[in-house]
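**Q**
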């Protein structure tokens, strides 16, 4: 996958994310989004490092329904 890096103003190659199949999911979700939803449900607010971690997890790990 090719993405644009705004800090260097260049396109870079990024490996496709790893997909983990989860039987009870209805749609694909990024791991960072899953962690953010769980921590938000516990009342933990997101900070800038948390948001960077969420983006990184979403780029590298996807949770997918079993049948896809």
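Numbering (this note's numbering), first residue to last: 15 to 82.
Here a beta-carbon is modelled for each residue, glycine too, at the ideal position from N, C-alpha and C.
Note that this is a predicted model, so its numbers are computed, not measured.
Using the three-state DSSP reduction, which class does residue 76 fall into: helix, strand or coil?
**A** strand
**Q** With DSSP as the reference, label residue 65 as helix, strand or coil.
**A** helix
**Q** When you compare the CB positions of residue 77 and residue 26, do they come within less than 7 Å of one another, or not?
**A** Residue 77 places its beta carbon 7 Å or farther from that of residue 26.
**Q** Give me the DSSP bridge partner(s) of residue 17.
**A** DSSP lists 26 as the bridge partner or partners of residue 17.
**Q** Identify the residues that DSSP records as bridge partners of residue 33: which are they?
**A** 76
**Q** With DSSP as the reference, label residue 57 as helix, strand or coil.
**A** coil
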